[in-house]
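Residue 4 in my numbering is what sits at position 12 of the sequence shown, and the numbering runs on without skipping anything.
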Amino acid sequence: MNQKWTITVTTESGETFTGAMTRQQPELVNGFVAVATEDGDWIFLKPDTVTKMHFTPVAEEATEETGTETEKE
């Protein structure tokens, strides 16, 4: 199961914010929707101003090589 997600949040005013999220991060932080940007900044939005949240899974990078090596003669 994916552990990394791209989140896109749209507000009532039409602003769109895109950031990153992991399953360990809460969707609400102290009553606000938290979005981590790619720059490492955090944006906190009031939930009643959010009209849409879209989560897209990020493909996980392989941590180990798969397959076997063959010996050259």
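C-beta atoms are modelled at their ideal positions from N, C-alpha and C, and glycine is treated no differently.
- Do Thr14 and Thr29 have their C-beta atoms closer together than 9 angstroms? Your numbering for residue 14 matches position 22 in the sequence shown. Your numbering for residue 29 matches position 37 in the sequence shown. No, the Cβ-Cβ distance between Thr14 and Thr29 is not below 9 angstroms.
- Message: Excluding the 5 residues flanking Phe47 on each side, which residues of the same chain have their C-beta closer than 6 angstroms to its C-beta?
- Response: Along the sequence shown, one-based indexing puts residue 47 at 55. Excluding sequence neighbours, Phe47 sits near Trp(-3) and Ile(-1).
- Beta-ladder partner(s) of Thr0, from DSSP: On the sequence shown, residue 0 is found 8 positions in, with the first residue counted as 1. Note: Thr0 sits in a beta bridge opposite Thr10 and His46.
- Item | Local Cβ density within 10 Å of Val50, reported as buried at 16 or more and exposed below that | For the purposes of this step, residue 50 is identified with residue 58 of the sequence shown, where counting begins at 1. So Val50 ends up on the exposed side.
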